[in-house]
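Enquirer:
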Amino acid sequence: MYATHYVKAKSLAEAAKLVASNPEAKVLAGGMTLVPTLKQRLAKPSHLVDIGALAELRGITAKGGSVTIGAATKHHEVATSAVVKKAIPALAYLAGLIGDPQVRNLGTIGGSVANNDPAADYPAAVLGLGATVVTNKRRIAADDYFQGLFTTALEEGEIITQLVFPVPKRAAYAKFPHPASGYAMTGVFVAQTADGIRVAVTGAGPGVFRWKAAESALGKSPKAAALEGAKLDASEMNEDIHATREYRANLVRVMAKRALAKL
Amino acid sequence: MRVEDARLVTGGGKFAADWNEPGQLYGQFVRSDRAHAEIVSVDTGAARRHAGVKAVFTGADAVRAGYVKAPHGLNFPGVNGMQTRAPDRPVLANGKVRFVGEALALVVADSPAAAADAAELVAIVYRDLPAVVSPEGALGKGAPQLHEGVVPGNLALETEAGDAAAVEAAFARAAHITRLKLEVSRVAPNPMEPRACLVRHDPADGSYLFHVCSQGITTLRKQISTYTAVPEDKIRFELGDVGGGFGQRTPAYPEYCALMIAAKETGRPVKWVSTRSEGFVSDTHGRANIIDGALALDREGRFLAMRLDWVNDMGAYVSPGSPGHIRNTTTCMTGVYRIPALYAHYRVVLTNTTPVSSYRGAGRPDIAYVVERLVSQAAAELDIDAAELRRRNFIPPEAFPYKTPTGSTYEYADLPGLLDEALRHADWKGFEKRRALSKKRGRLRGLGISTVIENTGAGQAPKDEVELELDAHGTVAVYTVSKAQGHSHETTLAMIVSDALEVPLESIEVRQCAPERAHLIGGHTGGSRTTVGAGSVCHLAALKLVEQGRALAALELGVEPSQVEYAKGVFRSSESRRSIRLGELARKGSVSVVAEGKFGSTFPNGCHIVEVDIDPETGATEIASYSTVDDCGKVINHTVVEGQLHGGIVQGAGQIFGEHIVYDPDTGQTLTGSFMDYCMPRAGMLREIRAEERPTPSKVSPLGVKGMGESGCTASLPALANAVMDALRPIAVPHLDMPLTPAKLWNAVHAARKGGSH
Chain A
0 MYATHYVKAK SLAEAAKLVA SNPEAKVLAG GMTLVPTLKQ RLAKPSHLVD
50 IGALAELRGI TAKGGSVTIG AATKHHEVAT SAVVKKAIPA LAYLAGLIGD
100 PQVRNLGTIG GSVANNDPAA DYPAAVLGLG ATVVTNKRRI AADDYFQGLF
150 TTALEEGEII TQLVFPVPKR AAYAKFPHPA SGYAMTGVFV AQTADGIRVA
200 VTGAGPGVFR WKAAESALGK SPKAAALEGA KLDASEMNED IHATREYRAN
250 LVRVMAKRAL AKL
Chain B
0 MRVEDARLVT GGGKFAADWN EPGQLYGQFV RSDRAHAEIV SVDTGAARRH
50 AGVKAVFTGA DAVRAGYVKA PHGLNFPGVN GMQTRAPDRP VLANGKVRFV
100 GEALALVVAD SPAAAADAAE LVAIVYRDLP AVVSPEGALG KGAPQLHEGV
150 VPGNLALETE AGDAAAVEAA FARAAHITRL KLEVSRVAPN PMEPRACLVR
200 HDPADGSYLF HVCSQGITTL RKQISTYTAV PEDKIRFELG DVGGGFGQRT
250 PAYPEYCALM IAAKETGRPV KWVSTRSEGF VSDTHGRANI IDGALALDRE
300 GRFLAMRLDW VNDMGAYVSP GSPGHIRNTT TCMTGVYRIP ALYAHYRVVL
350 TNTTPVSSYR GAGRPDIAYV VERLVSQAAA ELDIDAAELR RRNFIPPEAF
400 PYKTPTGSTY EYADLPGLLD EALRHADWKG FEKRRALSKK RGRLRGLGIS
450 TVIENTGAGQ APKDEVELEL DAHGTVAVYT VSKAQGHSHE TTLAMIVSDA
500 LEVPLESIEV RQCAPERAHL IGGHTGGSRT TVGAGSVCHL AALKLVEQGR
550 ALAALELGVE PSQVEYAKGV FRSSESRRSI RLGELARKGS VSVVAEGKFG
600 STFPNGCHIV EVDIDPETGA TEIASYSTVD DCGKVINHTV VEGQLHGGIV
650 QGAGQIFGEH IVYDPDTGQT LTGSFMDYCM PRAGMLREIR AEERPTPSKV
700 SPLGVKGMGE SGCTASLPAL ANAVMDALRP IAVPHLDMPL TPAKLWNAVH
750 AARKGGSH
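Which chain is which? The protein sequence lines are A and B, in order. Final position of the first sequence in numbering that gives the first Met the number 0 is 262; the numbers increase by one with none missing. Final position of the second sequence in numbering that gives the first Met the number 0 is 757; the numbers increase by one with none missing.
Encoded structure:
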C-alpha cells in the first residue's frame, strides 16, 4: 500500500470534519473492501479516518415497529443479536451468510451499504425491507439510496450513521453464493411489509434492484407459481467468466421461489 | 499429534519470509503488465533517484551476468530426431516479455515500501505484439511467434510413445470406439505460504546463501547452478518450514537468480517476499493439457487399443518441472488395464502464459483422468456397468510384474480384490435406490468410479543418502536432503528410525537439508518419493548404526561382536554382566553412520467411488458420499497417510469443481488472479471421506511402503468427473470439461432440456 495517515476518530463530528477538510481522505469502518484495495495499491487516500470503534455508531435497538442498527455494528453482532433475531430473523440470517467468521467480526453494516458492492448481501435487506439510511446530514429512503454499481445517494463527505429497518410481517432471504468469493452470485430478499410485498435482488445485476414484476405477481397471489410468469429481462443481468446472464436470471427466479418458501 | 504439530500450530514455524539477515535490503520485481511485447526501453532513472533505493537491475544485467539458459528436463527423443527447443530465459526479461507477470526489473531498496514505490517509477516503453494464450491456437498457422527462430511454430517438442501401427490395426478391427476430447485445466497450485527468497553473497569465497521455500536443496541447487554457472558448492541453503509445495516449489525460479545478482552487486543480502497477486502470475501453474483420446473395444467390451493425442501447454518457457507431463503420462498410460496396443503423440506448446510445471501428480492425475473418463464413457455407450467393464479389463493378478506396452513395469496389484472391497464399501448395488430417492427430491444423482495406479518414488537423484548421528544422550539425529512442505517428515522418518532402533520416538530428531550435511545425496521431496527413498534409507541407516554399535559395544564388553545382542537401545552379551546403552557409545564423541540406497518406482493403487447430487435448478453439486479403498503399501503412520489422501482428494475436487486459471483470449490478461475469482475448495465441499486401507507390501523397498502423496488427487479427478457425468447421463448431456461449476452444469442441463423438448 501507499503511505497514508491513519487517524482514529474520537467522534463522528471529528471524522466528518477530517473528511470535509481532506478531499482525498477515506472513511475506514471495517475495512473489508478498503484494506484489500489499499494493499493492491488501487487506492491512494491521504488519510484513513477510522470510525469503526465509535460508540455513537454502534448498537442495535428496537422501538416503535423498527429496528435501528448503528453503522459501525459488525455483521456478527447483527447475526447473533437477540433483538434482530426476534424482530427480523431474515436480517440476522442474512448477516450470518456474509463472508466468513473473520469478515463478519470486522465488517460493518454501514461499510457494506456505503460501498454498495453489486454482490453484497446487506443492500438486498435494506432495499427489500424499505429501510432508511441515516447519515450525518439526512435520512435517505432505500428506494432513493441505491443508484447502481458502487453508486449511492451519498454525497462527498457524507457518513452513514444508522440503518433503520421497519419490522415486516414476514421476510426471508435466499442466497446462492459465488463459489470463489462467497459474495452473492444472486441473493433475493422477499419481505411482506405494511405496503405490500417487496422483492430485492442482489448479485445478479449491476446493482441491487427491486424485481417489480415479481412484487405485483405476488401481490395478486403470494405463491411460488406466481413467479413463473413474472417478467425478468436476462439482458439486464451481469455476465462474466463465472456465469451467463441467463444463468443469473434463472437464479433470481429460483432464489425468489426459495425465499418465498421460507416466508 | 505429529512431531511437528505442536510447533506449527502454536506459531513456532519458521517460513521463508521469517528469515532475516543483518543489513538486508528488499527487492521488488517490476512485472510485465502485458502478455506479449517488445521492450523498447526501460528507464530506471526515476526509480534509482527514489529515496531509499540502492539499485535497479534489468534484463541487461541478467544478460551481462550470463543468467539466461534456464534449466529444463524435457529430455525426450522427438519425432524424426527432433530435439527439445528450449528458449533462453534471462532471469529478468530482456528484449521481449512473453506473459503477464514476467519479471523484467528488480528494484532494491532499504525498505519494502521504498522498493514498491520506486518499482512504479520504472518507465517501460513496450511495442505490443499479438498474444496467443490457447495452446491449440499457438500451433495454428499465422499464430504469434513467442521465440522467433528458436521455437518455430511455438512447438517446443513433438514426441511419441507406443506403437502407432499396432494401434491403427487394432482400431481397424474394433467393434466399438469411444472418443473423448478432454481438457485437464490450468490451475494455480496456491500453496498457503507465498514464495519468498533471501539471498546473501559472500565475496570472500563467492558463495551464495539462500533462505527460500524449497522442496529440497539438491534439485534446486543443481538448477540454480545450471542457470547461473555458479558451482554447486557455492550455493548454500538454510531452510525452515515450508508451507505447501505440490511441485511448484521445486524449480529454480528466475527471481532467485536475479536476487543473486542484486546481492552480489549491492554487497548486501536481498530479501523478496511475493504477494498472493504476484504468485498467481509468477508461480508456475499446473496441468494445462488437452487430450484427444480414443479407446477401441471388441464385441465383449475388451479393450483392444488406445490412442491419445496430447497438446501440452507449457506457458511461455520450458520450465524445469515439466517432464512429468510426458514421462508419467507414458509410464501409466495403460492405467490398471490390459490394453494390448497403445500410442501417444505429444506436442509441447509455448503460449503467452505463465510457465507450467509439476503439480501434485505431475501428469499422473492427467493420464488417470483421461483413461478413467474413456472407460466410464465406453461403459455408458455400451450399457455395461462401469465396475464390470473395469473388472473385465483389469491386469490380472497373475500377470504381475506387468510390463506395459509403453515400457514400464508395474509391481503387484490385486485389482479385482480392491474393486470388490470398494464396491461393498460404497454399497455400489444400492445406488439405484438412492438415485430414485434423489429424483423424488428433484435432484440428479450420479455414481462415479475410478480405479487407478501410479508410479511413485524413484526420481533423478543417483541414490538417497541418510546420515544418523548418535550423541551421548542417546539422541539420534537423522539427516536427509529431502524437505517436507507439510508432509510430516519429522514424524514419519523418526518413526522409521525409532522402530528399527527400538527406542522412543522422542529420542529421534529429523533434520532436513541441514547446512552442515548439504553434501548428502538424495532426491527432493516430490513425486511421492520421500518415504520410499529417504525413508527406506533411514531404516537401513538404523540397522547400520546397530551393526556399528555392536562392534563398539563388543570392544567395551570385551567380547566378539557376534556375542553381542541388541534390543531396545541396549547392547548386551551373555558373556558379560555389563550392558551398554546406545548413548554410551557416544561418550567420547558422536557416532555417525551414512547409509545409502537406490529404489525404483512403487505402484500405489486404489479405487474411489463417489456419489453426487446435482440441483438442476442451480447447477450446484453436492458430494453425497466419497469412499476409497487404497493400497499404499505398508503404512508407517495412519494419520499422516490419511492426511495425504484427504488433501489429495480435496485438491482434485478443487480442480473438478472450481479452480481454473482463465486468460482473456485477446489480451492474455489473467482473469482469475485472486481468490475473489479463483475458486479454491472449501472444507465444507467434502465433509466425509470413508477411507479403507488395503495394503499390499511393496517389494521395491525394505519397508514395503509405496509413495502415496499424490494418489488421492490422481483418483479423485476422474471419480468426481465420472459421478457428475453419470448424473447428467439420463438427460443426455455430452462430456463437459472441468471445472464443473454450477453455472456450467446449469447451462448444460438447461440446453439439454431445451433440446429434448422439441
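We put the beta carbon where it would ideally sit given N, CA and C, even for glycine.
Can you pull the chain B neighbours of I240 (chain A), defined as C-beta to C-beta under 8 Å?
Expert: The residue labelled residue 240 (chain A) in the question sits at position 241 within the first sequence. Going along chain B in sequence order, the residues near I240 (chain A) (Cβ under 8 Å) are V661, L670, T671 and D676.
Enquirer: Suppose contacts are defined by Cβ-Cβ distances below 8 Å. Is E453 (chain B) in contact with F602 (chain B) by that definition?
Expert: Mapped onto the second sequence, residue 453 (chain B) falls at position 454. Mapped onto the second sequence, residue 602 (chain B) falls at position 603. Yes.
Enquirer: The alpha helix (DSSP H) with S31 (chain B) in it runs from where to where?
Expert: Numbered from its first residue, the second sequence carries residue 31 (chain B) at position 32. First-last for S31 (chain B): undefined, no H or E at that position.
Enquirer: Quick check on L126 (chain A): buried or exposed, where buried means 16 or more other Cβ atoms within 10 Å of its Cβ?
Expert: In the first sequence, the residue the question calls residue 126 (chain A) occupies position 127. Around the beta-carbon of L126 (chain A), 16 or more other beta-carbon atoms lie within 10 Å, marking it buried.
Enquirer: Is the beta carbon of C256 (chain B) closer than 8 Å to that of V90 (chain B)?
Expert: Your numbering for residue 90 (chain B) matches position 91 in the second sequence. Your numbering for residue 256 (chain B) matches position 257 in the second sequence. Yes. Within cutoff.
Enquirer: Mind listing the chain B neighbours of Q101 (chain A)? Cutoff is C-beta to C-beta under 9 Å, in chain order.
Expert: Reading the first sequence from its first residue, position 102 is the one you call residue 101 (chain A). Going along chain B, no residue has its Cβ under 9 Å from Q101 (chain A), so there is no contact; the nearest lies around 13 Å.
Enquirer: With a threshold of 16 other CB atoms inside 10 Å of the CB of D630 (chain B), please say whether the residue is buried or exposed.
Expert: Your numbering for residue 630 (chain B) matches position 631 in the second sequence. Classification for D630 (chain B): buried.
Enquirer: Under a CB-based cut-off of 8 Å, is W745 (chain B) close to chain A?
Expert: Residue 745 (chain B) sits at position 746 when you count from the first residue of the second sequence. Chain A, which has a Cβ nearer than 8 Å to the Cβ of W745 (chain B), makes this yes.
Enquirer: Considering only the alpha carbon of each residue, which of B:L128, B:S697, B:T620 and B:L467 lies closest to T350 (chain B)?
Expert: Here residue 350 (chain B) refers to the residue found at position 351 when the second sequence is read from its first residue. Among B:L128, B:S697, B:T620 and B:L467, the Cα nearest to that of T350 (chain B) is on B:L128.
Enquirer: Are the beta-carbon atoms belonging to V132 (chain A) and T67 (chain A) less than 8 Å from one another?
Expert: What you label residue 132 (chain A) is simply residue 133 of the first sequence in a count that begins at 1. What you label residue 67 (chain A) is simply residue 68 of the first sequence in a count that begins at 1. No.
Enquirer: Flag A398 (chain B) as yes when its Cβ comes closer than 7 Å to any non-hydrogen atom of the ligand ZN, and as no otherwise.
Expert: You won't find the ligand ZN in this model; it holds no ligand whatsoever.
Enquirer: Just the chain B side, please: which residues come within less than 8 Å of Q39 (chain A) by C-beta, in chain order?
Expert: Residue mapping note: residue 39 (chain A) aligns to position 40 of the first sequence, counting from 1. Per Cβ cutoff of 8 Å: S276.
Enquirer: In its own chain, which residues sit with a C-beta less than 6 Å from the C-beta of I290 (chain B), not counting the 5 before and 5 after it?
Expert: Reading the second sequence from its first residue, position 291 is the one you call residue 290 (chain B). Same-chain partners within the cutoff: L181, L307, W309 and V369.
Enquirer: Take R169 (chain A) and list the residues in its own chain whose beta-carbon comes closer than 7 Å to its own, dropping the five residues that flank it on each side.
Expert: Taking the first sequence and counting its residues from 1, one reaches residue 169 (chain A) at position 170. Q191 and L262.
Enquirer: Over what stretch of residues does the alpha helix (DSSP H) that includes T36 (chain A) continue unbroken?
Expert: On the first sequence, position 37 is the one that residue 36 (chain A) refers to. Counting along the chain, the alpha helix (DSSP H) containing T36 (chain A) begins and ends at L33 to K38.
Enquirer: When the Cα of H175 (chain B) is compared with those of B:E299, B:N19 and B:L735, which residue comes out closest?
Expert: Taking the second sequence and counting its residues from 1, one reaches residue 175 (chain B) at position 176. Of B:E299, B:N19 and B:L735, the residue nearest in Cα terms is B:E299.
Enquirer: What's the C-alpha gap between A253 (chain A) and S318 (chain B)?
Expert: Stepping through the first sequence from its first residue, residue 253 (chain A) is reached at position 254. Stepping through the second sequence from its first residue, residue 318 (chain B) is reached at position 319. It should be noted that the sequence gives Val, not Ala, for residue 253 (chain A). Distance between the alpha carbons of V253 (chain A) and S318 (chain B) is about 46 Å.
Enquirer: For I622 (chain B), which of B:A720, B:S591 and B:T491 has the nearest alpha-carbon?
Expert: To locate residue 622 (chain B), count along the second sequence from 1; it is residue 623. Out of B:A720, B:S591 and B:T491, B:A720 has the C-alpha closest to the C-alpha of I622 (chain B).
Enquirer: Exposed or buried, what is V124 (chain B) when buried is set at 16 or more other beta-carbons lying within 10 Å of its beta-carbon?
Expert: Translated into the one-based positions of the second sequence, residue 124 (chain B) becomes position 125. Counting Cβ neighbours within 10 Å, V124 (chain B) comes out exposed, since fewer than 16 surround it.
Enquirer: Near E641 (chain B), which residues of its chain fall below 7 Å by C-beta distance, leaving aside the five closest residues on each side in sequence?
Expert: On the second sequence, position 642 is the one that residue 641 (chain B) refers to. Around E641 (chain B): A690.
Enquirer: Does the beta-carbon of P741 (chain B) have 16 or more other beta-carbons within 10 angstroms, so that it is buried, or is it exposed?
Expert: Sequence index remark: in the second sequence, residue 741 (chain B) carries index 742 (1-based). It is buried - the Cβ of P741 (chain B) has at least 16 other Cβ atoms within 10 Å.
Enquirer: Could you give the first and the last residue of the continuous alpha helix (DSSP H) run that contains F98 (chain B)?
Expert: As a working mapping, residue 98 (chain B) is identified with position 99 in the second sequence. No alpha helix (DSSP H) holds F98 (chain B); DSSP gives it neither H nor E.
Enquirer: DSSP beta-bridge partners for M305 (chain B)?
Expert: Locating residue 305 (chain B) in the second sequence gives position 306, where the first residue counts as 1. BP columns for M305 (chain B) point to B:L294 and B:L341.
Enquirer: Helix, strand or coil, according to DSSP, for G109 (chain A) in the structure here?
Expert: The count along the first sequence starts at 1 and reaches residue 109 (chain A) at position 110. Helix.
Enquirer: Can you give the beta carbon distance from K462 (chain B) to G599 (chain B), rounded, assuming they're within the 8 Å contact cut?
Expert: For the purposes of this step, residue 462 (chain B) is taken as residue 463 along the second sequence, with counting starting at 1. For the purposes of this step, residue 599 (chain B) is taken as residue 600 along the second sequence, with counting starting at 1. Between G599 (chain B) and K462 (chain B) the Cβ distance is about 12 Å, and since that is not below 8 Å, they are no contact.
Enquirer: Can you pull the DSSP bridge partners for N773 (chain B)?
Expert: No answer is possible for residue 773 (chain B): it lies beyond the span of chain B, which begins at 0 and ends at 757.
Enquirer: Please tell me whether F175 (chain A) has its Cβ less than 8 Å away from any Cβ of chain B.
Expert: Here the question's residue 175 (chain A) lines up with position 176 in the first sequence. So, interface residue.
Enquirer: If you count every other CB in all the chains shown that lies within 10 Å of the CB of K698 (chain B), and 16 or more means buried, which is it?
Expert: The residue labelled residue 698 (chain B) in the question sits at position 699 within the second sequence. Label assigned to K698 (chain B): exposed.
Enquirer: Could you tell me which chain B residues have their CB closer than 8 Å to the CB of V253 (chain A), listed as they occur along the chain?
Expert: Working through the first sequence from its first residue, we reach residue 253 (chain A) at position 254. Simply E616 and T617.
Enquirer: So A46 (chain B) and V39 (chain B) are supposed to be a Cβ contact under 8 Å. How far apart are they, rounded?
Expert: What you label residue 46 (chain B) is simply residue 47 of the second sequence in a count that begins at 1. What you label residue 39 (chain B) is simply residue 40 of the second sequence in a count that begins at 1. That pair is no contact at about 17 Å.
Enquirer: Give the DSSP-derived three-state secondary structure of L126 (chain A) in the structure shown.
Expert: One-based indexing of the first sequence puts residue 126 (chain A) at position 127. It is helical.
Enquirer: Let me see if you follow: with CB-CB separation under 8 Å, is S180 (chain A) close to chain B or not?
Expert: Locating residue 180 (chain A) in the first sequence gives position 181, counting from the first residue. Chain B contact via Cβ: present.
Enquirer: What number of angstroms, rounded off, separates the C-alpha of M236 (chain A) from the C-alpha of Q668 (chain B)?
Expert: Working through the first sequence from its first residue, we reach residue 236 (chain A) at position 237. Working through the second sequence from its first residue, we reach residue 668 (chain B) at position 669. Approximately 24 Å, taken between the alpha carbons.
Enquirer: Are the Cβ atoms of A258 (chain A) and V189 (chain A) separated by less than 8 Å?
Expert: Looking up residue 258 (chain A) in the first sequence gives position 259. Looking up residue 189 (chain A) in the first sequence gives position 190. Yes, the Cβ-Cβ distance between A258 (chain A) and V189 (chain A) is below 8 Å.
Enquirer: For M184 (chain A), count neighbouring Cβ atoms within 10 angstroms of its own Cβ and tell me buried if that reaches 16, exposed if not.
Expert: Working through the first sequence from its first residue, we reach residue 184 (chain A) at position 185. So M184 (chain A) ends up on the buried side.
Enquirer: Please check the pair V609 (chain B) and A722 (chain B), which I expect to be a contact at CB under 8 Å, by giving their CB distance rounded to whole angstroms.
Expert: The residue given as residue 609 (chain B) occupies position 610 in the second sequence. The residue given as residue 722 (chain B) occupies position 723 in the second sequence. Correct: roughly 4 Å between the Cβ atoms.
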